[in-house]
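Engineer: Numbering (this note's numbering), first residue to last: 13 to 602.
Below you will find the structure I want to go over with you.
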Amino acid sequence: MQPPASRGPRHRGRLVAALTAVLTACAVAVPLVPASAAPVCGTTNAAQGKPATASSVEVGSPFVASSAVDGDNGTRWSSAPGDPQWLRVDLGSTQNVCGATLNWEAAYATAYQIQVSANGTDGWTSVYSTTTSTGGVQNVTFTGSGRYIRVHTTARATQWGASLWEFAVRTSTDTGNPPDPGTDVLLSYKKPGTASTQQNDPNCTGCTVDKAFDFDPSTRWATATDVGWVDPGWIQVDLGATAQIKKVVLQWDPAYGKSFQVQVSPTGTGDWTSIYSTTTGTGFKQTLTVSGSGRFVRMYGTGRGSPYGYSLWEFQVWGTGGAPNPQPVIPPDPRNPKQLVWSDEFNTGNGTKPDSNKWRPEVGTGQNAELQYYTNNNNAFTDGAGNLVLEARREVTPGSSCPVDPVSGSGTCQYTSSRLITHGKATWTYGRVEANIKVSGTKGIWPAFWMLGANILDNGTPWPNSGEIDIMEHLGREPNTAYQTIHGPSYFGGGGIGQMYALPGGADFASAFHKFAVDWDSKGMKFTIDDIPVITIDKATVEATRGPWVFDRPFFIILNNAVGGDWPGPPDATSVFPQRMLVDYVRVYQ
Numbered sequence: 013m014q015p016p017a018s019r020g021p022r023h024r025g026r027l028v029a030a031l032t033a034v035l036t037a038c039a040v041a042v043p044l045v046p047a048s049a050a051p052v053c054g055t056t057n058a059a060q061g062k063p064a065t066a067s068s069v070e071v072g073s074p075f076v077a078s079s080a081v082d083g084d085n086g087t088r089w090s091s092a093p094g095d096p097q098w099l100r101v102d103l104g105s106t107q108n109v110c111g112a113t114l115n116w117e118a119a120y121a122t123a124y125q126i127q128v129s130a131n132g133t134d135g136w137t138s139v140y141s142t143t144t145s146t147g148g149v150q151n152v153t154f155t156g157s158g159r160y161i162r163v164h165t166t167a168r169a170t171q172w173g174a175s176l177w178e179f180a181v182r183t184s185t186d187t188g189n190p191p192d193p194g195t196d197v198l199l200s201y202k203k204p205g206t207a208s209t210q211q212n213d214p215n216c217t218g219c220t221v222d223k224a225f226d227f228d229p230s231t232r233w234a235t236a237t238d239v240g241w242v243d244p245g246w247i248q249v250d251l252g253a254t255a256q257i258k259k260v261v262l263q264w265d266p267a268y269g270k271s272f273q274v275q276v277s278p279t280g281t282g283d284w285t286s287i288y289s290t291t292t293g294t295g296f297k298q299t300l301t302v303s304g305s306g307r308f309v310r311m312y313g314t315g316r317g318s319p320y321g322y323s324l325w326e327f328q329v330w331g332t333g334g335a336p337n338p339q340p341v342i343p344p345d346p347r348n349p350k351q352l353v354w355s356d357e358f359n360t361g362n363g364t365k366p367d368s369n370k371w372r373p374e375v376g377t378g379q380n381a382e383l384q385y386y387t388n389n390n391n392a393f394t395d396g397a398g399n400l401v402l403e404a405r406r407e408v409t410p411g412s413s414c415p416v417d418p419v420s421g422s423g424t425c426q427y428t429s430s431r432l433i434t435h436g437k438a439t440w441t442y443g444r445v446e447a448n449i450k451v452s453g454t455k456g457i458w459p460a461f462w463m464l465g466a467n468i469l470d471n472g473t474p475w476p477n478s479g480e481i482d483i484m485e486h487l488g489r490e491p492n493t494a495y496q497t498i499h500g501p502s503y504f505g506g507g508g509i510g511q512m513y514a515l516p517g518g519a520d521f522a523s524a525f526h527k528f529a530v531d532w533d534s535k536g537m538k539f540t541i542d543d544i545p546v547i548t549i550d551k552a553t554v555e556a557t558r559g560p561w562v563f564d565r566p567f568f569i570i571l572n573n574a575v576g577g578d579w580p581g582p583p584d585a586t587s588v589f590p591q592r593m594l595v596d597y598v599r600v601y602q
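Structure, rendered in structure tokens:
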């Protein structure tokens with residue numbers, strides 16, 4: 013059985029008052045790619061002649077997958093009848109894709125997505141979606157990155173299969189983002205480094221030097237616990253060649269430097285020159301304007317700001333010269349106005365299971381002292397009235413183990429429910445994510461609509477470093493309120509950043525449908541309920557006051573209807589089951 017995604021406690025305790033109001037910007041975000049190096053969508057067909065595979069091929073036909081990428085509009089791929097179908101192309105390396113041309117045969121698809129993936133087997137991200145295709149020759153534009161790209165059809169216009177004469181893919185001409193001479197670039201990205209010590213133990217696994225230079229705010233370097241929580245402590249980077257250093261960005265962990273210098277050296281062996289010095293370091297994110305020249309740059313700490321050692325989520329060096337690696341690619345902000353790229357309207361017959369092309373169930377017990385056992389879609393179905401049902405039942409799962417249920421006194425799971433995720437089907441970076449939901453409501457119930465960073469399952473990034481976006485959490489014991497929160501490194505559990513919202517007049521959320529949404533881009537997030545602003549969270553403010561921002565990456569959607577847990581508390585003798593969480597729709601706009 014696949015256990016639910018590993019995570020820690022969600023929203024617990026009191027919210028932090030300093031950030032429960034609307035946050036305002038206090039720093040200017042620095043673009044990684046100068047305007048002069050903006051991506052330009054090319055015209056070359058990056059898919060032509062590349063390896064192609066398909067979900068199926070029309071029986072007895074010569075219409076194989078490779079015929080759709082051979083550059084010949086007289087040959088084609090044709091699938092067997094049935095939905096869904098897909099045509100997948102291996103571009104050979106990670107590419108920044110920006111558009112495609114689909115030349116449909118008469119057997120075209122009315123509904124399809126264009127998706128990208130790093131490995132071609134899972135982690136597919138939708139970059140384009142339509143349910144109103146008219147066939148013929150279609151030129152579409154989008155932005156995305158991946159080695160594999162596919163056309164994923166979900167509804168055919170004819171009784172035949174899906175068929176393409178040609179599938180052409182266009183890529184950005186600046187893949188790798190070469191630096192513009194004379195323009196400041198990120199010099200330290202993926203460059204080798206050394207440090208006084210580094211930590212790799214159960215308290216901070218893999219907190220090694222390279223993590224400070226990987227442009228990943230969910231990983232960090234830390235000095236070792238055995239000999240490293242002393243002064244001085246240092247970390248340095250080899251830029252590969254002499255560079256003019258203009259700016260240094262330090263994103264500190266709570267183990268920060270109060271007294272430290274930024275130093276440069278031509279050799280990295282002892283001839284260090286200080287280009288910045290302070291005895292009043294503030295921790296969090298510090299953007300330092302400096303001026304110096306050298307091949308090596310180091311942070312040299314002489315006074316710790318906490319009882320712990322030194323630790324940096326990010327150590328960025330910006331300037332000119334050096335030998336910079338290709339710049340990291342920044343996800344594009346949503347277009348304006350946003351367009352619908354993915355949805356599930358749940359308009360299927362009564363008792364239909366969730367669409368396996370969009371959702372997969374997580375099966376097993378939950379976290380956070382929850383009492384339910386999540387089933388393999390036994391508790392998830394459509395009601396024939398346009399809603400998905402996630403039903404929590406008082407129902408024993410033999411052989412399972414849960415925290416003791418106070419009603420029955422048993423440690424065998426006494427409740428069943430459902431948890432659905434889009435991981436492996438679709439993920440998104442930025443956009444508007446919304447759902448219209450009628451929550452369940454009885455003491456001990458915990459319905460939620462939320463997102464997790466895909467890296468929690470893709471590469472085992474631990475929670476809360478993976479990031480969590482709670483678009484809706486509701487507690488059965490608080491009928492009138494709903495919560496919207498984010499969790500990340502240094503702000504999680506009861507310290508998450510968020511706000512509660514109470515319905516006017518003491519109304520119960522479980523009595524009607526309500527629209528829960530987040531609008532999310534490179535500057536932050538705005539949460540709403542029924543289009544009423546609840547909280548705006550500014551990225552720059554979080555970095556400067558709470559910790560690293562880990563939300564500039566793919567996330568997947570989760571719907572679940574939990575029972576019990578250490579935040580809502582368990583059911584009691586007054587709790588009523590079954591409890592249905594109804595979802596009218598889930599939509600993503602970019």
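We treat Cβ as the ideally placed atom computed from N, Cα and C, and that holds for glycine.
None of the values given here were measured: they were computed from a predicted structure.
Contact check, residue 328 vs residue 260 under 8 Å by CB: the rounded distance?
Structural biologist: Contact flag correct, Cβ pair sits at about 7 Å.
Engineer: Where do the ends of the beta strand (DSSP E) carrying residue 548 lie?
Structural biologist: Here the beta strand (DSSP E) through residue 548 covers 544-550.
Engineer: Please list, in chain order, all residues of the same chain as residue 582 whose beta carbon is under 7 Å from its beta carbon, the five residues on each side excluded.
Structural biologist: Around residue 582: 383, 417, 418, 456 and 576.
Engineer: List the whole-angstrom C-beta distance separating residue 64 from residue 73, where the pair is believed to meet the contact cut-off of C-beta under 8 Å.
Structural biologist: 16 Å between Cβ atoms; not a contact.
Engineer: Leaving out five residues before and five after residue 277 in sequence, what residues of the same chain have Cβ atoms less than 6 Å from its Cβ?
Structural biologist: 283, 284, 306 and 308.
Engineer: Smallest Cα separation from residue 325: which of 447, 396, 219 and 375?
Structural biologist: For the residues 447, 396, 219 and 375, the minimum Cα distance to residue 325 belongs to 219.
Engineer: Please state if the CB of residue 429 and the CB of residue 391 are separated by a distance shorter than 7 Å.
Structural biologist: Yes.
Engineer: Between residue 40 and residue 113, what straight-line distance do the alpha-carbon atoms span, to the nearest angstrom?
Structural biologist: Only weak support is given to the placement of residue 40: the predicted model assigns it a pLDDT of 30, under 50, and the value that follows is read from those uncertain coordinates. Distance between the alpha carbons of residue 40 and residue 113 is about 38 Å.
Engineer: So, at 8 Å on beta carbons, what are the nonlocal neighbours of residue 93 in its own chain, with the 5 sequence-adjacent residues on each side left out?
Structural biologist: Once the five neighbours on either side are set aside, the close Cβ partners of residue 93 are 168, 171, 172 and 173.
Engineer: Once DSSP output is grouped into helix, strand and coil, what is the label at residue 459?
Structural biologist: Residue 459: strand per DSSP, three-state reduction.
Engineer: For a test of the three-state rule: what should DSSP assign to residue 474, helix, strand or coil?
Structural biologist: If DSSP states are grouped into helix, strand and coil, residue 474 belongs with coil.
Engineer: Measure the alpha-carbon distance for residue 319 versus residue 240 and round it to whole angstroms.
Structural biologist: If you take the alpha carbons of residue 319 and residue 240, they lie about 12 Å apart.
Engineer: If you compare alpha carbons, which of 225, 273, 237 and 523 is closest to residue 246?
Structural biologist: Cα-wise, what sits closest to residue 246 is 273.
Engineer: For residue 116, tell me which candidate among 414, 147, 232 and 223 has the shortest Cα-Cα distance.
Structural biologist: Nearest option by C-alpha distance: 147.
Engineer: If residue 501 sits next to residue 230, beta carbons under 8 Å apart, how far is it from one beta carbon to the other, in whole angstroms?
Structural biologist: Between residue 230 and residue 501 the Cβ distance is about 7 Å, and since that is below 8 Å, they are a contact.
Engineer: For residue 388 and residue 374, I'd like the C-alpha separation in whole angstroms.
Structural biologist: Those two C-alpha atoms are separated by around 7 Å.
Engineer: Quick check on residue 498: buried or exposed, where buried means 16 or more other Cβ atoms within 10 Å of its Cβ?
Structural biologist: Looking at its Cβ environment, which holds 16 or more other Cβ atoms inside 10 Å, residue 498 is buried.
Engineer: Per DSSP, which residues does residue 400 bridge with? Please list them.
Structural biologist: DSSP output for residue 400 lists 394 and 595 as bridge partner(s).
Engineer: Quick one: any contact between the region 543-556 and the region 399-413, if contact means 3 or more CB pairs under 8 Å?
Structural biologist: Touching, no.
Engineer: Between which two residues does the beta strand (DSSP E) carrying residue 446 extend?
Structural biologist: Unbroken beta strand (DSSP E) run through residue 446: 443-450.
Engineer: Suppose contacts are defined by Cβ-Cβ distances below 7 Å. Is residue 546 in contact with residue 591 by that definition?
Structural biologist: No; because the gap between Cβ atoms is not below 7 Å, this pair is not in contact.
Engineer: When you compare only the Cα positions, how much space is there between residue 444 and residue 315?
Structural biologist: If I take the Cα positions, the gap works out to 44 Å.
Engineer: Can you tell me which residues form a DSSP beta bridge with residue 570?
Structural biologist: Answer is 433 and 462, bridged to residue 570.
Engineer: State the beta-bridge partners of residue 486 as determined by DSSP.
Structural biologist: For residue 486, which the question treats as bridged, DSSP gives no partner whatsoever.
Engineer: By a C-beta neighbour count over all protein chains shown, 10 Å radius and 16 as the cutoff for buried, is residue 165 buried or exposed?
Structural biologist: Burial call: buried.
Engineer: Evaluate residue 588 with the Cβ neighbour count: other Cβ atoms within 10 Å of its Cβ, from every protein chain shown; 16 or more gives buried, anything less gives exposed.
Structural biologist: Result: exposed.
Engineer: Sorted by chain position, which residues of the same chain lie with C-beta nearer than 7 Å to residue 356's C-beta, five sequence neighbours on each side aside?
Structural biologist: Same-chain partners within the cutoff: 367, 370, 597 and 598.
Engineer: Between residue 255 and residue 195, how many whole angstroms is the CB-CB distance? I'm expecting something under 8 Å.
Structural biologist: Not confirmed; about 13 Å, so no contact.
Engineer: Going by DSSP, which residues form a beta bridge with residue 530?
Structural biologist: Paired residue(s): 445 and 539.
Engineer: Can you have a look at residue 202 and say buried or exposed, based on whether 16 or more other CB atoms are within 10 angstroms of its CB?
Structural biologist: Exposed: under 16 other Cβ atoms inside 10 Å.
Engineer: State the Cα-Cα distance for the pair residue 513 and residue 336, rounded to the nearest angstrom.
Structural biologist: The straight-line gap from Cα to Cα measures roughly 47 Å.
Engineer: Among 509, 522, 519 and 530, which one has its Cα closest to the Cα of residue 560?
Structural biologist: Taking only the C-alpha atoms, the option nearest residue 560 is 509.
Engineer: Skipping 5 residues on each side, what residues in its chain have a beta carbon closer than 6 Å to that of residue 138?
Structural biologist: So the qualifying residues of the chain are 125, 127, 353, 354 and 438.
Engineer: State the Cα-Cα distance for the pair residue 280 and residue 197, rounded to the nearest angstrom.
Structural biologist: In a straight line, the C-alpha of residue 280 is about 21 Å away from that of residue 197.
Engineer: Looking at the unbroken beta strand (DSSP E) that takes in residue 101, where does it start and where does it end?
Structural biologist: Looking at the DSSP string, the run of the beta strand (DSSP E) that includes residue 101 is 97-116.
Engineer: At what residue ranges does the region 330-378 contain a whole run of the beta strand (DSSP E), taking only runs of 3 or more?
Structural biologist: Here the runs fully enclosed are 352-356.
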